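J.: Chains as they are written, first to last, in numbering that gives the first Met the number 0: chain A, 0 to 296; chain B, 0 to 314. Just so it is clear, CB atoms sit at the ideal spot from N, CA and C, and this is done for glycine as well. Predicted model, so just to flag it, every value in this text is computed and none were measured. What follows is a structure written as structure tokens; I'll ask about it next.
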Amino acid sequence: MTELLQQLVNGLSLGAVYALIALGYTMIYGVLRFINFAHADVFMVGGFVGLYLAPHVPGGGTVLGGLLVLFGAMIGCALLGMGIERLAYRPLRGAPTLNVLITAIGVSLFLQAGGQLVFGAAPRPFPAVFPTGTITFGPLEFSTNQLLVIAVAGGLIVALELLVYRTRMGAALRAVSQNPKAARLMGINNDVVIRWTFALGSALAGAGGVLYAVNYPSVDPLMGVMPGLKAFVAAIVGGIGSIPGAALGGLLLGMVETVVAGSPYSTYKDAIAFALLIVFLLFRPAGILGRARVEKV
Amino acid sequence: MSKPLLGLLLALGAAAGLSAFSDRIDPYHLDVLIGLGINIILAVSLNLISGHTGQFSLGHAGFMAVGAYAAAAVTLFLGPRLIPDAAPGGFQENALFLGALLSAGLAAALAGLLVGIPSLRLRGDYLALVTLGFGEIIRVLLQNFEPLGGALGLNGIPPYTTVFWVVASAALAIYVVGCLVRSTYGLGFMAVRDDEIASSAVGIDPARYKVVAFVIGAFFAGIAGGLFGHFKMTITPSGFDFTRSIEIVVMVILGGLGNTFGVILAAILLTLLPEFLRPVAEYRLVLYAVLLVALMLLRPRGLFNFRLGRRVSSS
């Protein structure tokens with residue numbers, strides 16, 4: 000029982016990171032209807048921005064210093080996301096989905112290969128930007144990192160929820176994702192909304208990158224590939240286009256994966272996510288919280 | 000005799016001719032030629048799935064892996080029992096390799112059937128994800144399957160792949176795919192690609208065409224895998240990862256979806272390019288990526304889209 004609870008806490012901290020990445024996927028899918036494969040690599044860049052910022056930020060190793068590093072990575076990634084949208088995706092507005100998808104794969108490969116050139120291919124140790132220690136709670140043991148990851152991710156998800164449901168920009172975002180044409184007729188500038196969505200989603204991915212790196216603790220140019228794919232699985236499992244769904248899917252996937260990793264079948268943990276994906280796509284393609292879309296001829 | 004069949008026979012003759020002189024060809028050139036042939040088979044077979052039938056697949060390396068492992072298993076585990084004392088390069092050995100390649104193709108075709116079934120319900124990017132997931136699952140399963148070497152892979156595969164086998168297989172793949180898509184039956188593939196709803200309205204079953212495309216495409220990818228394994232003499236699960244699938248996708252996109260001739264040209268270009276770019280090998284992937292994005296922005300219908308032969312619809 001104790002072990003299961005311990006695993007659940009571990010799963011929660013992994014799932015929180017998946018949820019952060021999944022949110023970006025789901026938001027971008029909501030407004031542009033395509034899978035932004037490059038999102039996983041924005042996550043990786045977030046980790047590296049954190050790595051380079053860490054020595055220059057005052058109060059390293061404290062909660063405040065850690066939050067500053069996190070904030071810096073979020074800003075860096077937001078700029079990167081907006082740049083990618085402007086250069087690669089905007090010229091393809093209205094092009095067939097396949098072309099946009101391939102462009103996304105191209106951008107993803109570019110960030111990976113470029114990352115290997117700029118940052119070097121070898122994994123680099125990530126400094127402890129948050130205070131380290133362990134807290135014992137009865138028979139359970141948490142590292143402060145895990146708790147911070149869960150708390151920060153939870154806070155960001157709540158902030159996003161408020162942004163999307165309580166602000167004018169959030170209303171515009173929801174309008175564009177429901178019906179881009181009608182939104183434009185209502186005087187919404189779709190390009191601005193899409194740019195803003197990319198900034199927001201990429202910032203969350205950047206935060207996810209730093210939190211993942213803090214937990215892990217190392218960064219490398221290909222570190223985004225697996226968490227990125229899994230976060231996308233989480234977005235689909237939760238129901239793509241649904242913000243609470245992405246958070247739920249991320250947490251679920253993190254838990255399932257941690258439980259499998261703790262079992263004798265631990266070497267299959269990478270396959271579990273994809274098996275889950277295929278099962279969901281076959282039997283409930285709309286995901287847990289998504290609504291089935293009826294296709295009209 | 001029909002023109003394509005004549006072409007096939009000529010190619011087979013050329014393959015036999017080449018193999019007769021293969022002793023005199025520089026081994027480096029021979030290696031490049033074999034790699035070229037394998038990539039052509041992969042690109043042409045993926046073109047049937049993605050180009051002609053319009054089903055975007057990101058798991059082609061998975062089919063290749065199934066084929067490579069199946070073929071290696073036949074020659075490594077069955078070979079010594081069936082032909083314990085075969086002369087190197089003799090008839091028995093070639094017959095064994097033919098059997099290995101066929102079982103590679105059949106095993107991969109079976110995998111193609113498994114992947115094709117979800118495609119009955121899914122389309123577009125969802126299907127792309129399932130194929131991607133499939134490729135990753137294959138890799139993880141192979142990594143954990145100790146009888147086939149686990150994460151270390153299989154070593155000591157006999158070097159049966161010769162220029163003849165590669166050129167002959169590539170010619171056969173081009174012939175089969177080319178004739179198939181030109182046939183009356185094959186028009187169904189393009190109908191499914193252009194408009195699923197309209198094609199089912201005129202009595203074409205999109206599901207069946209998609210599955211057939213996956214099975215045939217996977218069959219040839221499996222053969223390419225078998226050739227690859229017996230060429231490199233060692234295979235590991237990580238050699239058939241997502242990046243490998245993407246490489247094949249890039250060939251098809253670069254050549255122009257559904258343009259067999261262009262896809263062959265692209266496969267040749269992308270195989271030779273790294274050979275010429277060896278001094279700047281570390282920039283190869285960046286170049287790939289830039290090429291892909293630039294292509295989608297500037298020439299979304301493929302680099303070699305010269306409107307040869309029939310005009311394709313502009314959708």
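Name the residue from 199/B, 137/B, 219/B and 231/B whose alpha carbon lies nearest to the alpha carbon of residue 176/B.
T.: As a working mapping, residue 176/B is identified with position 177 in the second sequence. Residue 219/B is the option with its Cα nearest to residue 176/B.
J.: Can you find the residues in the same chain that come closer than 6 Å, C-beta to C-beta, to residue 137/B, ignoring five residues on each side of it along the sequence?
T.: Start at 1 with the first residue of the second sequence, and residue 137/B comes out as number 138. Short of 6 Å from the beta carbon of residue 137/B, and not among the five residues preceding or following it, lie these beta carbons of its own chain, in chain order: 61 and 64.
J.: Closest to residue 2/A by C-alpha separation, out of 266/A, 140/A, 248/A and 279/A, would be which residue?
T.: Numbered from its first residue, the first sequence carries residue 2/A at position 3. Measuring from the Cα of residue 2/A, the nearest candidate turns out to be 140/A.
J.: Taking only runs of the beta strand (DSSP E) that begin and end inside the segment 5-81 of chain A, which ones reach a length of at least 3 residues, in chain order?
T.: If we require 3 residues or more, the segment 5-81 of chain A turns out to have no beta strand (DSSP E) run fully inside it.
J.: Looking at chain A, is there any beta carbon in it that lies within less than 9 Å of the beta carbon of residue 20/B?
T.: To locate residue 20/B, count along the second sequence from 1; it is residue 21. No, no contact with chain A.
J.: Taking only beta-carbon positions, decide if residue 243/B is within less than 9 Å of chain A.
T.: For the purposes of this step, residue 243/B is taken as the residue at position 244 of the second sequence. It does not; no Cβ of chain A falls within 9 Å.
J.: Does DSSP put residue 222/B in a helix, in a strand, or in coil?
T.: Start at 1 with the first residue of the second sequence, and residue 222/B comes out as number 223. DSSP places residue 222/B in helix when its eight states are reduced to three.
J.: Which of helix, strand or coil does DSSP assign to residue 120/B?
T.: For the purposes of this step, residue 120/B is taken as the residue at position 121 of the second sequence. Reduced to three states, the DSSP call for residue 120/B is coil.
J.: Taking the straight line between their C-alpha atoms, what separation do you get for residue 43/A and residue 153/A?
T.: Working through the first sequence from its first residue, we reach residue 43/A at position 44. Working through the first sequence from its first residue, we reach residue 153/A at position 154. In a straight line, the C-alpha of residue 43/A is about 20 Å away from that of residue 153/A.
J.: Anyone know if the C-beta pair for residue 44/B and residue 130/B falls short of 9 Å?
T.: As a working note, residue 44/B is residue 45 in the second sequence. As a working note, residue 130/B is residue 131 in the second sequence. No, the pair does not count as a contact, with Cβ atoms beyond the cut-off.
J.: Using a C-beta to C-beta distance shorter than 9 Å, which residues of chain B count as neighbours of residue 79/A?
T.: By one-based count along the first sequence, residue 79/A stands at place 80. Chain B residues near residue 79/A: none, gap ~15 Å exceeds 9 Å.
J.: Closest to residue 287/A by CA distance: which of 254/A, 6/A, 242/A and 274/A is it?
T.: Numbered from 1 along the first sequence, position 288 holds the residue referred to as residue 287/A. Looking at the Cα atoms, 242/A is the closest of the given residues.
J.: Under 9 Å between C-beta atoms, does residue 108/A make it to chain B?
T.: Along the first sequence, one-based indexing puts residue 108/A at 109. Yes, residue 108/A lies at the interface with chain B (some Cβ there is under 9 Å from its Cβ).
J.: Would you kindly work out how many angstroms separate the C-alpha atoms of residue 309/B and residue 126/B, rounded to a whole number?
T.: Numbered from 1 along the second sequence, position 310 holds the residue referred to as residue 309/B. Numbered from 1 along the second sequence, position 127 holds the residue referred to as residue 126/B. Because the pLDDT at residue 309/B is just 48, under 50, the model does not fix this residue reliably, and the point stays unresolved.
J.: Got a sec: which bits of the segment 140-154 of chain B sit with their beta carbon under 8 Å from any beta carbon on chain A, in order along the chain?
T.: 140, 142 and 143
J.: Please state whether DSSP places residue 234/B in a helix, a strand or coil.
T.: Translated into positions along the second sequence, residue 234/B becomes position 235. DSSP, reduced to helix, strand and coil, places residue 234/B within a strand of the structure shown.
J.: Who are the neighbours of residue 281/B on chain A, taking C-beta pairs under 7 Å?
T.: Your numbering for residue 281/B matches position 282 in the second sequence. In chain order: 116.
J.: Is there a C-beta anywhere in chain A that falls below 9 Å from the one on residue 299/B?
T.: If you number the second sequence from 1, residue 299/B lands on position 300. Chain A, which has a Cβ nearer than 9 Å to the Cβ of residue 299/B, makes this yes.
J.: So, are the CB atoms of residue 236/B and residue 114/B less than 9 Å apart?
T.: What you label residue 236/B is simply residue 237 of the second sequence in a count that begins at 1. What you label residue 114/B is simply residue 115 of the second sequence in a count that begins at 1. No, the pair does not count as a contact, with Cβ atoms beyond the cut-off.
J.: Measuring only between beta-carbons, confirm whether residue 33/A sits less than 9 Å from chain B.
T.: Counted from its first residue, the first sequence places residue 33/A at position 34. It does: the Cβ of residue 33/A has a partner Cβ on chain B nearer than 9 Å.
J.: Ignore the nearest five residues each way along the sequence and tell me which others in residue 57/A's own chain have a CB closer than 7 Å to its CB.
T.: Here the question's residue 57/A lines up with position 58 in the first sequence. Only 64 meet the Cβ criterion.
J.: Going by DSSP in three states, residue 1/B sits in which element: helix, strand or coil?
T.: Position 2 of the second sequence holds residue 1/B. DSSP places residue 1/B in coil when its eight states are reduced to three.
J.: Which of the three DSSP states, helix, strand or coil, is assigned to residue 133/A?
T.: Within the first sequence, residue 133/A is the residue found at index 134, counting from 1. Correct three-state label for residue 133/A: strand.
J.: With DSSP run on the structure shown, which of helix, strand or coil describes residue 165/B?
T.: For the purposes of this step, residue 165/B is taken as residue 166 along the second sequence, with counting starting at 1. Helix, per DSSP.
J.: Contact check, residue 187/B vs residue 208/B under 8 Å by CB: the rounded distance?
T.: Here residue 187/B refers to the residue found at position 188 when the second sequence is read from its first residue. Here residue 208/B refers to the residue found at position 209 when the second sequence is read from its first residue. The Cβ separation is near 5 Å, so the contact holds.
J.: When burial is assigned at 16 or more other CB atoms within 10 Å of the CB, is residue 219/A buried or exposed?
T.: Within the first sequence, the letter at position 220 stands for residue 219/A. Residue 219/A is buried by the Cβ-count criterion.
J.: Where residue 121/B and residue 195/A are concerned, what is the direct C-alpha to C-alpha distance, given to the nearest angstrom?
T.: In the second sequence, residue 121/B corresponds to position 122, counting from 1. In the first sequence, residue 195/A corresponds to position 196, counting from 1. About 30 Å.
J.: Quick check on the burial criterion: 16 or more other C-beta atoms within 10 angstroms. Buried or exposed for residue 122/A?
T.: Numbered from its first residue, the first sequence carries residue 122/A at position 123. With fewer than 16 other Cβ atoms within 10 Å, it is exposed.
J.: Roughly how many angstroms separate the alpha carbons of residue 258/A and residue 210/A, rounded to a whole number?
T.: As a working note, residue 258/A is residue 259 in the first sequence. As a working note, residue 210/A is residue 211 in the first sequence. The C-alpha of residue 210/A is placed about 21 Å away from the C-alpha of residue 258/A.
J.: Return helix, strand or coil for residue 220/A, following the three-state DSSP convention.
T.: Within the first sequence, the letter at position 221 stands for residue 220/A. If DSSP states are grouped into helix, strand and coil, residue 220/A belongs with coil.
J.: Just to confirm, are residue 193/A and residue 31/A a CB contact at a threshold of 9 Å?
T.: In the first sequence, the residue the question calls residue 193/A occupies position 194. In the first sequence, the residue the question calls residue 31/A occupies position 32. For residue 193/A and residue 31/A, yes; Cβs fall inside 9 Å.
J.: Quickly, what does DSSP pair residue 141/A with across the bridge? List them, please.
T.: As a first step, residue 141/A is located in the first sequence; it is residue number 142 there, counting from the start. Answer is 134/A, bridged to residue 141/A.
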